[in-house]
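Here's the structure, in structure tokens; my notes come after.
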Amino acid sequence: MANHQDSLNASSTSILGSIFLRGLYSPSAPVLLPTSVSSIGVIMLTLGAAWLVYQAVLALFQRSPLQTDAPPLWKQDDLPLIGALRFFTARTDMWLEAVAVRSREGSKTGNFSFFLGKRHVIGLGTSAEARTNFFDNRKMSLMQGTAELLTGLPLTQDDVDRFGKFFVNSMATMLSRDNFVRNLHLLTSDAREMCVGLLGKDLARRKNRGWEGREKSSDDQWRVMNPFDELYRLVYQMTIRTVGADEVAKDHALGDYTLDVFQTLEHRASIAKVYIPWLPAPGHYLRIWDGYRLYRVFSRIVKERARTGARHQDSFQFLIDSGASIKDITGFVINALFGGQVNTGINAAWLPIFLALDPEWKSRSIAEVEEVISRHRTSPDQKPTDILGSLTLDSWQTDFPIIDLCLRECIRLTILGCPIRKNTTGASVPINKQGEIIPDGSYVAYLVDLVHFNPDIYTNPLKFDPARFEPPRSEDKKVPYAFLGWGVGRHPCCKYSLKFLLISWWTAAEIIDTEAVGMRFAKLELTIIMAYFFTLFDFELAADIHGTPTTTPPPRPDRNGHFATKPRQPVYLRYRPRTDMW
């Protein structure tokens, strides 16, 4: 490598030198060439600056030669210097094209290589062997891979060891069964209060329809909401109550403020820092500023508790008592929100939308909730909401299999992601039996669409069909790791990020096995929300804010997106109270 660099330098010097000498002593144009000392000095300075720029470009973008046993380079998207820019702009399209071309060329794996600047990345194809090795291999870092390719900032092993252990161990404690049981009544109260708030919203006023002087019928009781606002906000309320501070959960205005900051932080991105980590990119510093805004909120809470001696039975108090710094507390809450809010909040909105368009599964879900209420009723005058509020944790986790099936299908259709790992072992890591390897220092990534939308695994994969998870079909059991919604292998559902940086849905739980931690909490939140909403309201899809009914489905998430986001255009549900349930 050193010889290669030396030859480049020598060659470049020779070229620049010959150009300069030819121009200086060219007999054809002696009059046009400056001969004063000052003019020659300017030329020398200009050439020197150009040389420095050239060397800087080499340092930033010059690639190491691709190893012969690594998957071949995907040349169609290999732009000079920057490499595969479509990894950031149209990731899924690029990936599917590359895998398809490799397959037509006779590849049994579909694996391919591409570059982001000088960073070498391997994109895995549809091979079950490669997918299994990717998720099971303990030798590569998901934390470092995801952080460096999505933020451009390297994570050291000290970062992984210190903050990683702190975050995962704290999360495991906070989401333990004892804490679930202790907080359960608060979560059900949050869901009930949201429904009361929905009932208090103004009635929908249909276009070209008068209201005055008419007796209201049941058809006039429709209200309208955007589930990506109302249900997303409820998920935030339940999440911040579980992993944050009581002060934020109890103060609606403070909750709205912190959610707004979090959503702003969520969308900060700086592709340039992936190529030039030291670049002072505006998005990076705006992200730090958003993190600092949350830091100020949490700092005031910590200081106020210290001043008054107040103690709370919440996660914040656990972190304070453990001796965590305000910086680590803030980092923990931000990371926990990325793990517990983004996808769960989006799925809470999508699930009733899918059900509104599928009468069979909507009826089955509502009937399941009604059956649970009937089975747990202890007196005729009990209200359905009182019965739901009395359910045990075991009931919430086991009595709603239909809702669980619908949730799995909703996640399969809406989850976006490309988990990324980095080979930090100091040696090449084999990918498969064909002899392909991941060179030391390289990255490897897997696109979830390759399995979630694979017609060889899932029949009619674009259709909402929760029955695909029921026996005897059990399509998610056809091949290893066919469903990636909760994380799999050594990388279950537990969010990790660092330095107030958005990483992705996929985060490492390489320190301890926390698969049940994130999954249990997300399922619990969503089951509680759906049970209360299905019990208290009838609902349909609406075309507009006026509550005009429609059966036209809204656009699904852009598969080229990097993580779950709200739709660009508002989506509406119209709902009315089930009077026999209040």
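Numbering (our numbering), first residue to last: 13 to 594. Yeah, the Cβ is synthetic: ideal placement off N, Cα and C, and Gly gets one too.
*When you compare each of Asp90, Cys422 and Ile300 to Lys339 by their alpha carbons, which one comes out closest?*
Counting from one through the sequence shown, the residue named residue 339 turns up at place 327. The candidate whose alpha carbon is nearest that of Lys339 is Ile300.
_Can you tell me whether Ser188 is helix, strand or coil according to DSSP?_
Stepping through the sequence shown from its first residue, residue 188 is reached at position 176. Of the three classes helix, strand and coil, the one that applies to Ser188 here is coil, per DSSP.
*Taking the runs of the beta strand (DSSP E) that are 3 residues or longer, which of them lie wholly in the segment 216-299?*
235-237
_Looking at Ala203: is its Cβ nearer than 8 Å to the Cβ of Tyr544?_
Residue mapping note: residue 203 aligns to position 191 of the sequence shown, counting from 1. Residue mapping note: residue 544 aligns to position 532 of the sequence shown, counting from 1. Their beta carbons are under 8 Å apart, which means Ala203 touches Tyr544 by this criterion.
*Classify Ser139 as helix, strand or coil using the three-state DSSP reduction.*
In the sequence shown, counting from the first residue as 1, residue 139 sits at position 127. Here Ser139 sits in coil by DSSP.
*With a cut-off of 8 Å, do at least 3 Cβ pairs link the segment 283-298 to the segment 235-249?*
no
*What is the residue span of the alpha helix (DSSP H) that Phe100 lies within?*
For the purposes of this step, residue 100 is identified with residue 88 of the sequence shown, where counting begins at 1. Here the alpha helix (DSSP H) through Phe100 covers Arg98 to Thr101.
*Please work out which residues of its chain come closer than 8 Å, Cβ to Cβ, to Arg376, disregarding the five sequence neighbours upstream and downstream, and give them in chain order.*
Taking the first residue of the sequence shown as 1, we reach residue 376 at position 364. Correct list, in chain order: Ile414.
*Put Pro561 into one of helix, strand or coil per three-state DSSP.*
Translated into positions along the sequence shown, residue 561 becomes position 549. Strand at Pro561.
*Is it the case that the Cβ atoms of Ala348 and Val273 are separated by a distance below 8 Å?*
Taking the first residue of the sequence shown as 1, we reach residue 348 at position 336. Taking the first residue of the sequence shown as 1, we reach residue 273 at position 261. Going by C-beta atoms, Ala348 is not nearer than 8 Å to Val273.
_Between Gly335, Ile399, Ile385 and Glu278, which has its C-alpha nearest Asn355's C-alpha?_
As a position in the sequence shown, residue 355 is number 343, starting the count at 1. Out of Gly335, Ile399, Ile385 and Glu278, Glu278 has the C-alpha closest to the C-alpha of Asn355.
*Cut-off 8 Å between Cβ atoms - residues of its own chain near Arg98, not counting five sequence neighbours on either side*: Your numbering for residue 98 matches position 86 in the sequence shown. In its chain, beyond the 5 residues on either side, Asp89, Asp105 and Met106 have a beta carbon closer than 8 Å to the beta carbon of Arg98.
*What are the start and end residues of each continuous beta strand (DSSP E) run of 3 or more residues lying completely inside the segment 380-440, in chain order?*
Taking only runs of at least 3 residues, the beta strand (DSSP E) segments lying wholly in the segment 380-440 are 432-435.
*Closest residue to Ala293 among Gly438, Arg194, Arg280 and Leu108 (Cα-Cα distance)*: Stepping through the sequence shown from its first residue, residue 293 is reached at position 281. The shortest Cα separation from Ala293 among Gly438, Arg194, Arg280 and Leu108 belongs to Arg280.
*asked:* Can you check which of these residues, Thr320, Phe310, Arg319 and Gly321, is closest to Ser327 by C-alpha distance?
replied: Indexing the sequence shown from 1 puts residue 327 at position 315. Nearest C-alpha to Ser327: Phe310.
*In terms of residues, what are the limits of the beta strand (DSSP E) holding Pro589?*
Locating residue 589 in the sequence shown gives position 577, where the first residue counts as 1. Per DSSP, Pro589 belongs to the beta strand (DSSP E) from Tyr584 to Pro589.
*What residues match up with Tyr599 in a beta bridge as DSSP calls it?*
Any answer about residue 599 is impossible in this case: the structure gives the chain only from 13 up to 594.
*Sort out for me which residues DSSP pairs Gly95 with in a bridge.*
Counting from one through the sequence shown, the residue named residue 95 turns up at place 83. DSSP lists Leu91 and Leu128 as partners of Gly95.
*At a cut of 8 Å, does the segment 428-444 reach the segment 570-582 through at least three beta carbon pairs?*
yes
*Would you call Asn472 buried or exposed, if buried means 16 or more other Cβ atoms sit within 10 Å of its Cβ?*
Stepping through the sequence shown from its first residue, residue 472 is reached at position 460. With fewer than 16 Cβ atoms within 10 Å of its Cβ, Asn472 is classed as exposed.
*Indicate the three-state DSSP secondary structure (helix, strand or coil) for Asp302 in the structure shown.*
Reading the sequence shown from its first residue, position 290 is the one you call residue 302. Correct three-state label for Asp302: helix.
*asked:* Using the three-state DSSP reduction, which class does Glu552 fall into: helix, strand or coil?
replied: If you number the sequence shown from 1, residue 552 lands on position 540. It is a strand residue.
_For Ser139 and Glu205, I'd like the C-alpha separation in whole angstroms._
Working through the sequence shown from its first residue, we reach residue 139 at position 127. Working through the sequence shown from its first residue, we reach residue 205 at position 193. Going by the C-alpha atoms only, they are around 48 Å apart.
*Based on Cα-Cα distance, which residue from Arg194, Arg235 and Leu553 lies nearest to Gly212?*
In the sequence shown, the residue the question calls residue 212 occupies position 200. Closest by alpha carbon: Arg235.
*Considering Ala360, what are the terminal residues of the alpha helix (DSSP H) in which it resides?*
Along the sequence shown, one-based indexing puts residue 360 at 348. From DSSP, the alpha helix (DSSP H) with Ala360 extends over Val354 to Ala368.
_So, with DSSP's three-state summary, where would you put Pro442?_
One-based indexing of the sequence shown puts residue 442 at position 430. Strand at Pro442.
*asked:* Considering only the alpha carbon of each residue, which of Pro83, Ser76, Thr80 and Asp81 lies closest to Leu93?
replied: Stepping through the sequence shown from its first residue, residue 93 is reached at position 81. Checked all of Pro83, Ser76, Thr80 and Asp81; the closest Cα to Leu93 is Ser76.
*Could you tell me the distance, in whole angstroms, from the CA atom of Leu419 to the CA atom of Ala61?*
Reading the sequence shown from its first residue, position 407 is the one you call residue 419. Reading the sequence shown from its first residue, position 49 is the one you call residue 61. Going by the C-alpha atoms only, they are around 59 Å apart.
*At which residues does the beta strand (DSSP E) containing Val456 begin and terminate?*
In the sequence shown, residue 456 corresponds to position 444, counting from 1. Segment Tyr455 to Ala457, the beta strand (DSSP E) holding Val456.
*Classify Ser153 as buried or exposed, calling it buried when 16 or more other Cβ atoms lie within 10 Å of its own Cβ.*
Position 141 of the sequence shown, counting from 1, holds the residue named residue 153. Buried, by the Cβ-count rule.
*Which residues in the same chain as Leu266 place their Cβ atom closer than 8 Å to its Cβ, once the five residues preceding and following it in sequence are excluded?*
Here residue 266 is taken as the residue at index 254 of the sequence shown, counted from 1. Once the five neighbours on either side are set aside, the close Cβ partners of Leu266 are Glu259, Val260 and Val309.
*Put Val111 into one of helix, strand or coil per three-state DSSP.*
The count along the sequence shown starts at 1 and reaches residue 111 at position 99. If DSSP states are grouped into helix, strand and coil, Val111 belongs with the helices.
_Going by DSSP, what residue range makes up the alpha helix (DSSP H) through Asp333?_
Residue mapping note: residue 333 aligns to position 321 of the sequence shown, counting from 1. Counting along the chain, the alpha helix (DSSP H) containing Asp333 begins and ends at Ser327 to Asp333.
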